[in-house]
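Chemist: So the sequence shown is residues 19 to 173, counted in this note's numbering.
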Amino acid sequence: MMADGPLPAGAFAHREAAREAALQMLYALEVGGQTREQVESWFSPERKMGLAAQSFARELLRQTWARREELDRVLAAHLSRWRPERLGAIDRCLLQLAAQELTGDAWVPAGAVIDQYLHLAKKFSQPQALALVHGVLNAIAQARRETTEAESGGQ
Numbered sequence: 019m020m021a022d023g024p025l026p027a028g029a030f031a032h033r034e035a036a037r038e039a040a041l042q043m044l045y046a047l048e049v050g051g052q053t054r055e056q057v058e059s060w061f062s063p064e065r066k067m068g069l070a071a072q073s074f075a076r077e078l079l080r081q082t083w084a085r086r087e088e089l090d091r092v093l094a095a096h097l098s099r100w101r102p103e104r105l106g107a108i109d110r111c112l113l114q115l116a117a118q119e120l121t122g123d124a125w126v127p128a129g130a131v132i133d134q135y136l137h138l139a140k141k142f143s144q145p146q147a148l149a150l151v152h153g154v155l156n157a158i159a160q161a162r163r164e165t166t167e168a169e170s171g172g173q
């Protein structure tokens, strides 16, 4: 639900830590062979995050995990000459999480989401992957804007 009026400073500050936690948990699921419940149970107590951040990280992980095949189709539509399964595991996880946010809730500010995932890509991925991540996320955000405009009658 969107708040009326401007949000207080730092209203979504917990989301940066939560996105990093969700990325690390999704990566552990991809390469570790554990269940989502196992990863959540050992991961959350290890993190020094508030309850809002833990809740957001878990929900983002659950939504992304449930939609990963659909999200891979979204990614494939915006990857030039690449298939999601050819991406490195960390890049695929990062793009799946970002695509979940960009396609799941229309009220999430796309610019903020893209900036935070680029920050995560700088931290966890290879330098040469940044352009790919940036291009794919911008394309997904643009497609969302076009869909939103078409649904609202171009207003």
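All C-beta atoms, glycine included, are put in the ideal place defined by N, C-alpha and C.
Predicted model only: the values in this text are computed from it and were never measured.
So, is R91 buried or exposed, given that buried needs 16 or more other C-beta atoms within 10 angstroms?
Modeler: As a working mapping, residue 91 is identified with position 73 in the sequence shown. It counts as exposed.
Chemist: By a C-beta neighbour count over all protein chains shown, 10 Å radius and 16 as the cutoff for buried, is T53 buried or exposed?
Modeler: Walking along the sequence shown from the start, residue 53 turns up at place 35. That one is exposed.
Chemist: R33: which of K140, A149, K141, Q134 sits nearest, CA to CA?
Modeler: In the sequence shown, the residue the question calls residue 33 occupies position 15. For R33, the nearest C-alpha among the options comes from Q134.
Chemist: Mind checking A149: buried by the 16 CB within 10 Å criterion, or exposed?
Modeler: Taking the first residue of the sequence shown as 1, we reach residue 149 at position 131. By the neighbour-count rule (16 or more Cβ atoms within 10 Å), A149 is not buried but exposed.
Chemist: Whose C-beta lies closer than 8 Å to the C-beta of G68 among residues of the same chain, with five residues either side of it excluded?
Modeler: Within the sequence shown, residue 68 is the residue found at index 50, counting from 1. Cβ within range, chain order: H32.
Chemist: Taking 8 Å as the cut-off, decide whether the C-beta atoms of L47 and L112 are in contact.
Modeler: Numbered from 1 along the sequence shown, position 29 holds the residue referred to as residue 47. Numbered from 1 along the sequence shown, position 94 holds the residue referred to as residue 112. Cβ distance not < 8 Å, so L47 and L112 don't count as in contact.
Chemist: Is the number of C-beta pairs between the segment 114-123 and the segment 153-164 that are closer than 8 Å three or more?
Modeler: Cβ pair count under 8 Å is three or more, so yes.
Chemist: Compute the beta-carbon to beta-carbon distance between I108 and F142, rounded to the nearest angstrom, for a pair I have assumed lies under 8 Å.
Modeler: To locate residue 108, count along the sequence shown from 1; it is residue 90. To locate residue 142, count along the sequence shown from 1; it is residue 124. With 8 Å as the limit, I108 and F142 qualify as a contact, their Cβ atoms being about 5 Å apart.
Chemist: Closest to A157 by CA distance: which of A116, G171, K140, E169 is it?
Modeler: The sequence position of residue 157 within the sequence shown is 139, counting from 1. With distances taken between Cα atoms, A157 lies closest to A116.
Chemist: R110 lies in the alpha helix (DSSP H); which residues open and close that run?
Modeler: Taking the sequence shown and counting its residues from 1, the one referred to as residue 110 is at position 92. 107-122 is the span of the alpha helix (DSSP H), which, as asked, contains R110.
Chemist: Would A94 be called buried (16 or more neighbouring beta carbons within 10 Å of its own) or exposed?
Modeler: As a position in the sequence shown, residue 94 is number 76, starting the count at 1. The residue is exposed, with fewer than 16 neighbouring Cβ atoms inside 10 Å.
Chemist: Closest to T166 by C-alpha separation, out of S59, H96, A128, would be which residue?
Modeler: Mapped onto the sequence shown, residue 166 falls at position 148. Looking at the Cα atoms, A128 is the closest of the given residues.
Chemist: For A70, which residues of its own chain have a beta-carbon under 6 Å away from its beta-carbon, when the five flanking residues on both sides are left out?
Modeler: The sequence position of residue 70 within the sequence shown is 52, counting from 1. Excluding residues within five positions, the ones whose Cβ falls inside 6 Å are H32.
Chemist: Compute the distance between the beta-carbons of E88 and R76, then report whether it is under 8 Å.
Modeler: Working through the sequence shown from its first residue, we reach residue 88 at position 70. Working through the sequence shown from its first residue, we reach residue 76 at position 58. No, Cβ-Cβ distance for E88 and R76 is not below 8 Å.
Chemist: Tell me the DSSP secondary structure of R162 in three-state form.
Modeler: Locating residue 162 in the sequence shown gives position 144, where the first residue counts as 1. Here R162 sits in helix by DSSP.
Chemist: Verify whether the separation of the beta carbon atoms of I132 and L155 is less than 8 Å.
Modeler: Indexing the sequence shown from 1 puts residue 132 at position 114. Indexing the sequence shown from 1 puts residue 155 at position 137. Yes, these two residues count as a Cβ contact at 8 Å.
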